[in-house]
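**Q**
Protein chains: 2
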Amino acid sequence: MTEGFNFQKEEPTMKSQALKGMRDLLPAEQTLRDYIQGKILETYRASGFERISTPMLEDMENLDKSDGGDNLNLIFKVMKRGDKLTSALGSGDPKQLSDMGLRYDLTLPLSRFYAANKDKLPHPFKVIQTDRVFRAERPQKGRLREFVQCDIDILGDESPNAEVELIDVTARALLGIGFTGFTVNINDRRILHGMLESMGFAADTLDSVCITFDKMDKIGAEGVKAELTEKQLPEAAINALADFIAAGDVTLESVASRCADPAIADDLKYVLATAKAMANGRFDVAYCPSLVRGQGYYTGMVFEITCPQFSGAVAGGGRYDNMIGKFLGTKVPAVGFSIGFERVCGILLEQGYQIPGAKQKIALLYNSDVDFPAVLAKAAQLRDTYNVTVLPQAKKLGKQLGQLEASGFAGAAFMDKDEVKIFAQQ
Amino acid sequence: MTEGFNFQKEEPTMKSQALKGMRDLLPAEQTLRDYIQGKILETYRASGFERISTPMLEDMENLDKSDGGDNLNLIFKVMKRGDKLTSALGSGDPKQLSDMGLRYDLTLPLSRFYAANKDKLPHPFKVIQTDRVFRAERPQKGRLREFVQCDIDILGDESPNAEVELIDVTARALLGIGFTGFTVNINDRRILHGMLESMGFAADTLDSVCITFDKMDKIGAEGVKAELTEKQLPEAAINALADFIAAGDVTLESVASRCADPAIADDLKYVLATAKAMANGRFDVAYCPSLVRGQGYYTGMVFEITCPQFSGAVAGGGRYDNMIGKFLGTKVPAVGFSIGFERVCGILLEQGYQIPGAKQKIALLYNSDVDFPAVLAKAAQLRDTYNVTVLPQAKKLGKQLGQLEASGFAGAAFMDKDEVKIFAQQ
Chain A
1 MTEGFNFQKE
11 EPTMKSQALK
21 GMRDLLPAEQ
31 TLRDYIQGKI
41 LETYRASGFE
51 RISTPMLEDM
61 ENLDKSDGGD
71 NLNLIFKVMK
81 RGDKLTSALG
91 SGDPKQLSDM
101 GLRYDLTLPL
111 SRFYAANKDK
121 LPHPFKVIQT
131 DRVFRAERPQ
141 KGRLREFVQC
151 DIDILGDESP
161 NAEVELIDVT
171 ARALLGIGFT
181 GFTVNINDRR
191 ILHGMLESMG
201 FAADTLDSVC
211 ITFDKMDKIG
221 AEGVKAELTE
231 KQLPEAAINA
241 LADFIAAGDV
251 TLESVASRCA
261 DPAIADDLKY
271 VLATAKAMAN
281 GRFDVAYCPS
291 LVRGQGYYTG
301 MVFEITCPQF
311 SGAVAGGGRY
321 DNMIGKFLGT
331 KVPAVGFSIG
341 FERVCGILLE
351 QGYQIPGAKQ
361 KIALLYNSDV
371 DFPAVLAKAA
381 QLRDTYNVTV
391 LPQAKKLGKQ
401 LGQLEASGFA
411 GAAFMDKDEV
421 KIFAQQ
Chain B
1001 MTEGFNFQKE
1011 EPTMKSQALK
1021 GMRDLLPAEQ
1031 TLRDYIQGKI
1041 LETYRASGFE
1051 RISTPMLEDM
1061 ENLDKSDGGD
1071 NLNLIFKVMK
1081 RGDKLTSALG
1091 SGDPKQLSDM
1101 GLRYDLTLPL
1111 SRFYAANKDK
1121 LPHPFKVIQT
1131 DRVFRAERPQ
1141 KGRLREFVQC
1151 DIDILGDESP
1161 NAEVELIDVT
1171 ARALLGIGFT
1181 GFTVNINDRR
1191 ILHGMLESMG
1201 FAADTLDSVC
1211 ITFDKMDKIG
1221 AEGVKAELTE
1231 KQLPEAAINA
1241 LADFIAAGDV
1251 TLESVASRCA
1261 DPAIADDLKY
1271 VLATAKAMAN
1281 GRFDVAYCPS
1291 LVRGQGYYTG
1301 MVFEITCPQF
1311 SGAVAGGGRY
1321 DNMIGKFLGT
1331 KVPAVGFSIG
1341 FERVCGILLE
1351 QGYQIPGAKQ
1361 KIALLYNSDV
1371 DFPAVLAKAA
1381 QLRDTYNVTV
1391 LPQAKKLGKQ
1401 LGQLEASGFA
1411 GAAFMDKDEV
1421 KIFAQQ
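Residue numbers (the working numbering), protein chains in the order written: chain A, 1 to 426; chain B, 1001 to 1426.
1. Do three or more CB pairs link the segment 107-122 of chain A to the segment 330-343 of chain A at distances below 8 angstroms?
2. K1126 (chain B): which of B:F1147, B:R1045, B:E1197 sits nearest, CA to CA?
3. Give a yes or no on whether the minimum CB-CB distance between R433 (chain A) and chain B is below 8 angstroms.
4. Can you find a CB in chain A that lies within less than 8 angstroms of the CB of M1301 (chain B)?
5. So G1329 (chain B) is in the alpha helix (DSSP H); what residue range does that whole segment cover?
6. Compile a chain-ordered list of the residues in the segment 36-54 of chain A whose CB is closer than 9 angstroms to at least one CB of chain B.
7. Does the distance from the CB of V1388 (chain B) to the CB of I1422 (chain B) come in under 8 angstroms?
8. Between the Cα of G48 (chain A) and those of B:I1152, B:P1392, B:A1379, spot the shortest distance and give me the residue it belongs to.
9. Taking D1416 (chain B) as the query, report the chain A residues whose CB atoms sit under 9 angstroms from its CB, ordered along the chain.
10. Counting Cβ pairs closer than 8 angstroms, one from the segment 305-324 of chain A and one from the segment 167-178 of chain A, do we hit at least three?
11. Give me the chain E residues within the contact set of G281 (chain A), using Cβ-Cβ distance strictly less than 7 angstroms, ordered along the chain.
12. So, helix, strand or coil for I1177 (chain B), using DSSP?
13. According to a CB-to-CB cut-off of less than 7 angstroms, which residues of the segment 244-265 of chain A neighbour chain B?
14. I want to see whether chain A comes within less than 8 angstroms of V1390 (chain B), judged by CB atoms only; does it?
15. Mind checking if K378 (chain A) is an interface residue toward chain B, Cβ cutoff 8 angstroms exclusive?
16. Counting along the chain, where does the alpha helix (DSSP H) carrying L1196 (chain B) start and finish?
17. Can you tell me the Cα-Cα spacing of A1203 (chain B) and L1228 (chain B), whole angstroms?
18. Give me whichever residues DSSP pairs with L57 (chain A) in a beta bridge.
19. Would you call the segment 227-242 of chain A and the segment 175-189 of chain A in contact, with 3 or more CB pairs under 8 angstroms?
20. Quick check on DSSP: helix, strand or coil for D153 (chain A)?
21. Quick test of the definition: if touching needs 3 or more C-beta pairs under 8 angstroms, does the segment 1060-1073 of chain B touch the segment 1095-1106 of chain B?
22. Answer with buried or exposed for K1399 (chain B), where buried requires no fewer than 16 other C-beta atoms within 10 angstroms of its C-beta.
23. Does the beta-carbon of R138 (chain A) have 16 or more other beta-carbons within 10 angstroms, so that it is buried, or is it exposed?
24. To which residues does DSSP link D131 (chain A) through a beta bridge?
25. Output the distance between the C-alpha atoms of M79 (chain A) and K1020 (chain B), rounded to the nearest integer angstrom.
26. Quick check on N6 (chain A): buried or exposed, where buried means 16 or more other Cβ atoms within 10 Å of its Cβ?
27. Quick test of the definition: if touching needs 3 or more C-beta pairs under 8 angstroms, does the segment 405-414 of chain A touch the segment 364-377 of chain A?
28. Taking the beta strand (DSSP E) that N387 (chain A) belongs to, which residues open and close that run?
29. Tell me the start and end of each unbroken beta strand (DSSP E) in the segment 56-85 of chain A that is at least 3 residues and wholly inside, in chain order.
30. Buried or exposed: which applies to D1151 (chain B), given that a residue is buried once 16 or more other Cβ atoms fall within 10 Å of its Cβ?
31. For a test of the three-state rule: what should DSSP assign to M301 (chain A), helix, strand or coil?
32. Could you please give me the residues that DSSP links to I362 (chain A) through a beta bridge?
33. Using 8 angstroms as the limit for Cβ to Cβ distance, is F1423 (chain B) near chain A?
34. If we cut at 8 angstroms on Cβ distances, does M79 (chain A) have a partner in chain B?
35. Hey, could you find the ends of the alpha helix (DSSP H) F341 (chain A) is sitting in?
36. State yes or no: is the C-beta of S53 (chain A) within less than 8 angstroms of the C-beta of D131 (chain A)?
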């Protein structure tokens, strides 16, 4: 970029960085992401799921009523326009200013979609969504405000086979991109809640208790006890839980025995056993007694995928049997599993992931006096072997080749030579 | 969906329709769109262009300063959050309420991206963007508020070979998806403006004159004269233009002879001739003396693709040599071509477009007492031949098969039979 046009240095008037918490994706990373997302989508489609898409924006009232837990505080709100904005400003009520918001996940839009379109969809409906979502997180490392999720959901099937199939397909999608060594952790919120209630915790404190209980692996029974005491929960209940943990018998049998409905535990046992058999050693399946997941809308089984390379979950999901009913007026069983695409990509990139079988990227350099259609014709020939970009040759060729290598090219070809110069072989 | 779970009819509390001007995409249409977008991207990539992506949201100040013409009135603005919102509300200035907005095209984000990342990019940079953009249009048929564009741009090359390559690649992308019978119309804003100024129109009225001149084909020389008179433009200039049109000699030679800089016309002639030669009869290339394009940021050559099936353009672009300088402080030549993906898809769908070589979609039906892993194993076998979705068999099989056919399935297989029932062959 040092020749061919004039540099007229002026003061820039516009900001060139992407907004905080959002990212520009450079060609190398975008190519890798397209490949990985494409492979995940391929596994999803090959398993009989069908992709849909919904708008990035949803009605603000719907978002407000959506049981999204903490995510409700993280919605980017879009301002009304024209007369409606003027009138909202006049009202003095800030809530009136916005009529739509950017979606914080793909589950709420899917529920709305299903209610609007169910007569045109197969029953049960096995659906794919791979797309961007938005959360107004405090900008900090690892917390993006715009990111991609890859979801599959089964709507209209109350059988635990729906859970089994989602686990099978999601795990195969991860294996298909070379992501291995992971564990699918499964629980049922109702079992955990049942046990905690039986110990004497009040229903409206269960979420808070679960957050502490979920730290069991890190802080131990004593740590759990201390944190619950700090939260000023009933001493008898805290002692009951601490004793139960300290006894070292936190198995599905022991937890389920404290829960009223045995059918819930039977379904969980079935999903654990069947998923484990189908995994056939390619990944682990485990009962995780403290698993809850953050969203308020889950009603039954919940699951997430963890791996040693990352402290949080790389995928998560669960059953949300009540959400579609809010749109449709009739209850529809629903269960979904979402891959955190950014996290999976990040881990693969750290491992030096390469796209299998990708052609080497080279530049075909030409001088400005040459016949341009002939340049494009030569490029077309070279494309049998290489991924070829046509670029004008700079006056300082050595410098240009250095820049090309730095920006990810593997080599260069020239209009007047037959050989292809591969940088690594220089 | 009539069995297996209870219908508890209640009053829905949430709205199920997508927001006005935005669309839910059902599986059949999404599959087709994924295929078409994938094929366009394949041609772009195979031509040595590289995909990037940028956030859906941009800084509100950048958007305000972006020379986007009418599109600036169509920006969805995102409200500030927390303390910043409170303070903005206190200021009484509605302009303070928003700090970011949804992008209205992919050209402004690309220019910002290039300025932020140019040291990591090849020079010139040949780039792909395929993604969603947003415009707060008045909701009406055919005017979407969220839609997909497929863009290629060349940044850092001032030679008209950049225009030639963009036209070649864009046209091949359209041919690659079976879109034929189109014309690439080309003009240079500077030639048109030069001619109009030579006739006596003032510089600040040229945009308005161009809008009228562009209707020449529809309303004729008399119509153009009448409309310009109504706009109260100088009578001598109006007569000069009307006489010129009436003489029926609106060729590049005759227009260029009225423009001061002959190099501009030479470049346009070169692009027209070279693109026409490379088209080799597969599509038309034509000089369009009235073509301007709406965006304020174009500085030189502009082009668009038209076809008999649609009254507007299905692709458009041009050179915008001044935009990157606003971010970078140094002028960088830039030219881009954007396919209006929604319009192209719409036309192909109306023509009954089918994905070449797609497998037939069938359901594998199973009864609830069967071993579920065995169902998934049979599905895996059938997938060599079919696109298979596993679904529980309903009590009323005939009704279920009818529903499957209505929702796009080609047939059904059963766990207890070897045959596959294809609906069309019943």
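Note that beta-carbon positions come from the ideal geometry of N, C-alpha and C, so glycine has one too. Predicted model, so just to flag it, every value in this text is computed and none were measured.
**A** In short:
1. With the cut-off at 8 angstroms, the segment 107-122 of chain A and the segment 330-343 of chain A touch.
2. Checked all of B:F1147, B:R1045, B:E1197; the closest Cα to K1126 (chain B) is B:R1045.
3. Here chain A has residues from 1 to 426 only, and residue 433 (chain A) is not among them.
4. No, no contact with chain A.
5. DSSP places G1329 (chain B) outside any alpha helix (DSSP H), giving it a letter other than H or E.
6. Residues of the segment 36-54 of chain A with a Cβ closer than 9 angstroms to any Cβ of chain B, in chain order: G38, L41, R45, A46, S47, G48, F49, E50, R51, I52, S53, T54.
7. Note that the C-beta distance between V1388 (chain B) and I1422 (chain B) is not below 8 angstroms.
8. Nearest C-alpha to G48 (chain A) among B:I1152, B:P1392, B:A1379: B:A1379.
9. Close to D1416 (chain B), with beta-carbon spacing below 9 angstroms, lies no residue of chain A; the smallest spacing is near 17 angstroms.
10. Below 8 angstroms, enough C-beta pairs join the segment 305-324 of chain A and the segment 167-178 of chain A to call them touching: three or more.
11. Of the chains in the structure shown, none is chain E; the protein chains are A and B.
12. For I1177 (chain B), the three-state secondary structure derived from DSSP is coil.
13. If the cut-off is 7 angstroms between Cβ atoms, the segment 244-265 of chain A has nothing near chain B.
14. Yes, contact with chain A.
15. Interface criterion not met: the Cβ of K378 (chain A) is under 8 angstroms from no Cβ in chain B.
16. From DSSP, the alpha helix (DSSP H) with L1196 (chain B) extends over 1189-1199.
17. Answer to the nearest angstrom: the Cα atoms are 15 angstroms apart.
18. Looking at the DSSP output, L57 (chain A) bridges to A:L102.
19. The segment 227-242 of chain A vs the segment 175-189 of chain A: no contact.
20. DSSP places D153 (chain A) in the strand class (E or B) of the three-state scheme.
21. At 8 angstroms Cβ cutoff, the stretches touch.
22. When all chains shown are included, K1399 (chain B) counts as exposed.
23. That one is exposed.
24. Note: D131 (chain A) sits in a beta bridge opposite A:Q149.
25. Distance from the CA of M79 (chain A) to the CA of K1020 (chain B), rounded to the nearest whole angstrom, comes to 15 angstroms.
26. Low confidence applies here, because N6 (chain A) scores a pLDDT of 49, under 50, leaving its location unreliable; read the following figure in that light. That one is exposed.
27. By the C-beta criterion, the segment 405-414 of chain A is judged to be in contact with the segment 364-377 of chain A, since at least 3 inter-stretch pairs fall below 8 angstroms.
28. From DSSP, the beta strand (DSSP E) with N387 (chain A) extends over 387-392.
29. Complete beta strand (DSSP E) runs here, min 3: 57-59, 77-79.
30. With 16 or more other Cβ atoms within 10 Å, it is buried.
31. Correct three-state label for M301 (chain A): strand.
32. According to DSSP, which records beta bridges pairwise, I362 (chain A) is partnered with A:V388, A:G411.
33. No, because no Cβ of chain A sits closer than 8 angstroms to the Cβ of F1423 (chain B).
34. With 8 angstroms as the cut-off, M79 (chain A) counts as an interface residue toward chain B.
35. Counting along the chain, the unbroken alpha helix (DSSP H) around F341 (chain A) starts and ends at 341-350.
36. Taking 8 angstroms as the Cβ cut-off, S53 (chain A) and D131 (chain A) qualify as a contacting pair.
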